[in-house]
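Going down the list, the protein sequences come from chains A and B.
The working numbering puts the first sequence at residues 8 to 158.
The working numbering puts the second sequence at residues 8 to 158.
Virtual Cβ for every residue (Gly too), placed ideally from N, Cα, C.
These notes are about the structure you will find just below.
Number of protein chains: 2
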Amino acid sequence: MATADDAPVRVSPALDADTSFLLARASALAATAGNRALSGLGLKVRSYSVLALAAEVGPSQRDLAERLRLDPSQVVALVDGLEERGLVERRLDPSDRRARIVVATPEGLALFARAREAIAGAQRETHAPLTEEEQVALGDLLRRLAYADLQ
Amino acid sequence: MATADDAPVRVSPALDADTSFLLARASALAATAGNRALSGLGLKVRSYSVLALAAEVGPSQRDLAERLRLDPSQVVALVDGLEERGLVERRLDPSDRRARIVVATPEGLALFARAREAIAGAQRETHAPLTEEEQVALGDLLRRLAYADLQ
DNA sequence: TTCAATCATTGACATTCTCAACGACCGGTG
DNA sequence: CACCGGTCGTTGAGAATGTCAATGATTGAA
């Protein structure tokens, strides 16, 4: 079985083989690159994820919190920020007057299109050490890990 | 080229294909599982990483901060916590009296051995959706991403 | 000997996470 | 119809974490 045993020590032997440690580091790198790519649009990866759902799904805030694994109170602040800029709006759910449906405005859709390109560019940069096939394989593996709890 | 286009929507089409988003979610899952596995030992993944370096490397606090990408002030607090429990100690660097070398005590080495097993168990749990070969492949890909800045 | 740079430390500050509470509203029961 | 446990969005507090500036002690080089 191939392991990291024959590889040079990068941080420490135990941590070099610890996937949670590697995931944390890779995630931090990707988040930094993503935030940098989005900074010119006044977004961060977190607000971008809310904008993406508003543009592509149109969920209630409750659904939004579950999908993004955020506390409902965090969703309030994030939607507030996007709504003040006219990027999303809260619509009443005709079937449940407690719920607020978050949908992107035309301005929000336009910014989302640009933000998605910016994120894609940052991803190409972050993934530069990998070949095309490896990038696809990584995405597949990560989806199976990250979405393991969905069915 | 294989993409996520033919896969069911999990969160949103854009986010399902966003590696930074998937990395963040997988990292959060792994960190939660790791913290749960370490909770009985009075450790978290962060303090565990410091203990691992103290046990396997014995670096200065400066070196420790660079390896773990932490602010030096965070290292102070983390080493304080471990030192108060008698798990590590600060030794003087004979070649530089400003530096403090962090090394694990016998108690720290013993706890590290148990913590490493606990982390391995959590990792097996987190990686359950993947085959053995896929787990190895994921570790390889993550190392190349996370350590891309080291040569 | 002098001086800029480095190390560990302290403290302040912003950001983020987590949790409890509340009014408004839902669905079901009597 | 009136009630009532549960849900949704919201507010606010507290903890945890990240980031940054300043300082005393020490280093290495001019």
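{"Item": "Supposed contact pair Ser56 (chain A) and Ala37 (chain B) - C-beta distance, whole angstroms, cut 8 Å", "Value": "That pair is no contact at about 19 Å."}
{"Item": "With 16 other Cβ atoms within 10 Å as the buried cut-off, status of Glu132 (chain B)", "Value": "exposed"}
{"Item": "First through last residue of the alpha helix (DSSP H) which encompasses Val86 (chain B)", "Value": "79–91"}
{"Item": "Where Asp103 (chain B) falls: helix, strand or coil (DSSP)", "Value": "strand"}
{"Item": "Residue-chain proximity (Glu141 (chain A), chain B), Cβ-Cβ < 8 Å", "Value": "yes"}
{"Item": "Collapsed DSSP secondary structure at Val196 (chain B) in the structure displayed", "Value": "Since the first residue of chain B shown is 8 and the last is 158, residue 196 (chain B) is not available in this structure."}
{"Item": "Inter-stretch contact (C-beta, 8 Å, three-pair minimum) for the region 148–155 of chain A and the region 106–117 of chain A", "Value": "no"}
{"Item": "Distance, Gly93 (chain A) Cα to Ala84 (chain A) Cα", "Value": "14 Å"}
{"Item": "Beta-carbon proximity of Leu71 (chain A) to Leu60 (chain A), cut-off 8 Å", "Value": "yes"}
{"Item": "DSSP bridge partner residues for Ile108 (chain A) (one or two, in chain order)", "Value": "A:Ser67, A:Arg98"}
{"Item": "Within-8 Å CB hit, Arg74 (chain B) to chain A", "Value": "yes"}
{"Item": "Same chain, Cβ closer than 8 Å to Met8 (chain B), five either side skipped, listed in chain order", "Value": "Any reading at Met8 (chain B) needs caution, since the residue's pLDDT is 46, under 50, leaving its predicted position unreliable; the model's value is listed next. Around Met8 (chain B): no qualifying Cβ."}
{"Item": "Exposure of Val146 (chain B), with buried meaning 16 or more beta-carbon neighbours within 10 Å", "Value": "In the sequence as presented, Val is not what sits at residue 146 (chain B); that position holds Gly. When all chains shown are included, Gly146 (chain B) counts as buried."}
{"Item": "Residue from A:Leu118, A:Leu77, A:Glu141 with nearest C-alpha to Arg32 (chain B)", "Value": "A:Leu77"}
{"Item": "Selected residue, minimal CA-CA separation from Ala111 (chain B), among B:Leu99, B:Gln130, B:Glu90, B:Arg121", "Value": "B:Glu90"}
{"Item": "Coarse secondary structure for Tyr55 (chain A), derived from DSSP in three states", "Value": "helix"}
{"Item": "Ser34 (chain A): contacting residues in chain B (beta-carbon distance under 7 Å)", "Value": "Leu30, Ala31, Ser34"}
{"Item": "Straight-line gap, Glu140 (chain A) to Leu148 (chain B) (C-alpha atoms, nearest Å)", "Value": "11 Å"}
{"Item": "Straight-line gap, Ala21 (chain A) to Arg123 (chain B) (C-alpha atoms, nearest Å)", "Value": "7 Å"}
{"Item": "Where the region 92–110 of chain B meets chain A: residues whose CB sits under 9 Å from a CB there", "Value": "none"}
{"Item": "Ser67 (chain A) burial status per 10 Å Cβ neighbour count (16 or more: buried)", "Value": "buried"}
{"Item": "Within-8 Å CB hit, Ser67 (chain B) to chain A", "Value": "no"}
{"Item": "Closer than 7 Å at the beta carbon, the chain B residues around Glu63 (chain A)", "Value": "Ser19, Pro20, Ala21"}
{"Item": "Three-state class that DSSP yields for Ala9 (chain B) in the structure shown", "Value": "The predicted model places Ala9 (chain B) with a pLDDT of 43, which falls under 50 and marks its position as unreliable, so this point remains unresolved."}
{"Item": "Among A:Pro113, A:Glu73, A:Gly41, the one whose alpha carbon lies nearest that of Asp25 (chain B)", "Value": "A:Gly41"}
{"Item": "Length of the line joining the Cα atoms of Asp100 (chain B) and Arg69 (chain B)", "Value": "12 Å"}
{"Item": "Straight-line Cα distance separating Arg121 (chain B) from Arg43 (chain B)", "Value": "14 Å"}
{"Item": "Reduced DSSP category for Asp25 (chain B) - H, G, I as helix; E, B as strand; rest coil", "Value": "coil"}
{"Item": "Against chain A: residues of the region 41–59 of chain B by CB proximity under 8 Å", "Value": "Gly41, Val52, Ser56, Ala59"}
{"Item": "Thr133 (chain A), enclosing alpha helix (DSSP H) - first and last residue", "Value": "113–133"}
{"Item": "Interface flag, Thr26 (chain B) vs chain A, CB-CB below 8 Å", "Value": "yes"}
{"Item": "Beta-carbon contacts of Glu114 (chain B) that lie in its chain and below 7 Å, excluding the five residues immediately before and after", "Value": "Gly93, Leu94"}
{"Item": "Which of helix, strand or coil DSSP assigns to Pro136 (chain B)", "Value": "coil"}
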